[in-house]
Amino acid sequence: MKHWRVDDLAWDRFDPSLVDPDVLLLVKAASVVERNGTDYAVYLNNVFTDDVAFQAASDNWAIEEVQHGDALGRWAMLADPSWDYPAAFARYRASYHIPLDVDASVRGSRTGELIARCMVETGTSSFYTALADATAEPVLKAICKQIAADEYRHFKLFYDHMHRYLKRERIGVWQRTRIALGRVTETEDDELAFAYHTTNEPVGMAYDHERCIAAYMARAMGFYRQGHLDRAVAMIFKTIGFRPHGRVCRGAARVAFGLMQRRRRKFETVIRPGRPPRRYGSARRGAPQRQVAAE
């Protein structure tokens, strides 16, 4: 059941003078990734083939993910009238695929799959919160706040099902840690990089993973602030089974923020060689193995 609808947003409040070009690049890429949620629902339903309750939850989750993509895509077309969201998504779908003919999780267990899903929702909830805080454009701010709230609910959904399966599969805390951290590192795989390529680079331009992931991550990481990492790390700790508050968690969040900014500076050297890292975030301002086919 949707908690909001795209047409209910105050689209008449859109202010083109407050569109940040770097935010627009990220929104275009995020729109096709979100819109692709139906494939992930198929994958999850195959993994949880005998769990009717989870399958129903997964199907509803996919409906909300698609709506996220449609809202972001509609906003991006307002911000850039020359851009075609449906066409960009069609290009993305034509060349980027996840394996759907499966009967078991690539994480080794259903609990592992749900841990991975929790990591994805942690990342998206923090990302859209950071973007909402960074943008002054009122329609995008409202969209990002709605999506961030949805993604946090999705985190709780997968977290609750994870605990249901944890009682059966009894995966230890260190194995859960390995799965969680492994999924976090997959944010730099082809999913986001190829989304950036198909939505922001000229049709016919050859795909280059290093160039595209650097272009996406340098911008996305630049909008994060320490508070966003505090919340994300607390959600990760909760999923793994560690205390989500306290000195250890706060210390881990500070380390994570420092590592993120170091990684951002490295990506900046790829997209802006020889120039100092750009400052982002001014006042105006998670999976199966993938297959990417040549365009």
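Under our numbering, the first residue of the sequence shown is numbered 1, with each subsequent residue one higher. Where a beta carbon is used, it is the ideal one built from N, C-alpha and C, also for glycine.
### Query
Between GLU201 and LYS167, what straight-line distance do the alpha-carbon atoms span, to the nearest angstrom?
Working through the sequence shown from its first residue, we reach residue 201 at position 201. Working through the sequence shown from its first residue, we reach residue 167 at position 167. In this model, GLU201 and LYS167 are separated by some 47 angstroms (Cα to Cα).
Notebook entry, point to check: Looking only at its own chain, which residues have a Cβ that is under 7 angstroms from the Cβ of ILE143, when we skip the five neighbours before and after it?
Noted result: As a position in the sequence shown, residue 143 is number 143, starting the count at 1. The residues are LEU9, ALA71, LEU72, TRP75.
Going by other Cβ atoms of all chains shown within 10 Å of its Cβ, with 16 needed for buried, is ILE213 buried or exposed?
-> In the sequence shown, counting from the first residue as 1, residue 213 sits at position 213. Buried: at least 16 other Cβ atoms inside 10 Å.
Q: Return the CA-CA distance between GLU151 and LEU131, expressed in angstroms with no decimal places.
A: Looking up residue 151 in the sequence shown gives position 151. Looking up residue 131 in the sequence shown gives position 131. Roughly 14 angstroms separates the two Cα atoms.
Original post:
For the alpha helix (DSSP H) that contains HIS245, what are its first and last residues?
Top reply: The residue labelled residue 245 in the question sits at position 245 within the sequence shown. Unbroken run through HIS245: none, as it is neither H nor E.
**Asked** How many whole angstroms separate the CB atoms of PHE89 and CYS118, which I take to be in contact at a CB cut-off of 8 angstroms?
**Response** If you number the sequence shown from 1, residue 89 lands on position 89. If you number the sequence shown from 1, residue 118 lands on position 118. Their Cβ separation, rounded to whole angstroms, is 26 angstroms, which puts PHE89 and CYS118 out of contact at 8 angstroms.
When you compare each of GLN261, ILE271, MET162, GLY172 to HIS209 by their alpha carbons, which one comes out closest?
One-based indexing of the sequence shown puts residue 209 at position 209. Of the candidates GLN261, ILE271, MET162, GLY172, the one whose C-alpha sits nearest the C-alpha of HIS209 is ILE271.
Subject >> Own chain, CB closer than 7 angstroms to ALA148, minus 5 neighbours either side, in chain order >> reply: The count along the sequence shown starts at 1 and reaches residue 148 at position 148. These residues qualify, in order along the chain: SER125, TYR128, THR129, ALA132.
Within this structure, are the beta carbons of GLY123 and THR198 separated by less than 8 angstroms?
-> For the purposes of this step, residue 123 is taken as residue 123 along the sequence shown, with counting starting at 1. For the purposes of this step, residue 198 is taken as residue 198 along the sequence shown, with counting starting at 1. Against a cut-off of 8 angstroms, the Cβ pair of THR198 and GLY123 comes out as no contact.
Residues of its chain near SER109, where Cβ-Cβ distance is below 6 angstroms and the 5 sequence neighbours each way are ignored = Within the sequence shown, the letter at position 109 stands for residue 109. GLU169.
Could you tell me which of PRO81, TYR43, ASP7 sits nearest to SER105, measuring between CA atoms? Taking the sequence shown and counting its residues from 1, the one referred to as residue 105 is at position 105. It is TYR43 whose Cα lies nearest to the Cα of SER105.
(message) Please classify HIS228 as buried or exposed, where buried requires at least 16 neighbouring CB atoms within 10 angstroms.
(response) Start at 1 with the first residue of the sequence shown, and residue 228 comes out as number 228. Buried, by the Cβ-count rule.
Item to check | Distance between VAL248 and LYS28 (C-alpha atoms, nearest Å) | outcome: Here residue 28 refers to the residue found at position 28 when the sequence shown is read from its first residue. Here residue 248 refers to the residue found at position 248 when the sequence shown is read from its first residue. Cα-Cα distance, rounded: 36 angstroms.
Three-way DSSP call (helix, strand, coil) for ASP190 in this model
What you label residue 190 is simply residue 190 of the sequence shown in a count that begins at 1. Here ASP190 sits in helix by DSSP.
Query raised in the report: For ALA56, is the classification buried or exposed, using 16 other Cβ atoms within 10 angstroms of its Cβ as the cut-off for buried?
Result: For the purposes of this step, residue 56 is taken as the residue at position 56 of the sequence shown. That one is exposed.
Practice prompt. State the start and end residues of the unbroken alpha helix (DSSP H) segment that holds PRO202.
Written response: The count along the sequence shown starts at 1 and reaches residue 202 at position 202. Element bounds for PRO202: n/a, residue is neither H nor E.
Rounded C-beta distance between MET217 and PHE267? I'm assuming under 8 angstroms. In the sequence shown, the residue the question calls residue 217 occupies position 217. In the sequence shown, the residue the question calls residue 267 occupies position 267. Their Cβ separation, rounded to whole angstroms, is 5 angstroms, which keeps MET217 and PHE267 in contact under 8 angstroms.
7 angstroms Cβ shell around ASP215 - same chain, five flanking residues per side excluded: Position 215 of the sequence shown, counted from the start, is the residue given in the question as residue 215. According to the sequence shown, residue 215 is Ala rather than Asp. Within the same chain, ALA215 has close Cβ partners TYR196, ILE271.
Considering only the alpha carbon of each residue, which of PRO21, ALA193, SER17, HIS154 lies closest to LYS2? Numbered from its first residue, the sequence shown carries residue 2 at position 2. Comparing Cα-Cα distances from LYS2 to each of PRO21, ALA193, SER17, HIS154, the minimum goes to HIS154.
*Within 10 angstroms of the Cβ of HIS245, are there 16 or more other Cβ atoms? Answer buried if so, exposed if not.*
Here residue 245 corresponds to residue number 245 of the sequence shown, with the count starting at 1. Exposed, by the Cβ-count rule.
Just verifying my parser: in three-state terms, what is the DSSP assignment at PRO86? Locating residue 86 in the sequence shown gives position 86, counting from the first residue. Correct three-state label for PRO86: helix.
What residue range is occupied by the uninterrupted alpha helix (DSSP H) comprising VAL184?
Counting from 1 along the sequence shown, the entry for residue 184 is found at position 184. Counting along the chain, the alpha helix (DSSP H) containing VAL184 begins and ends at 173 to 185.
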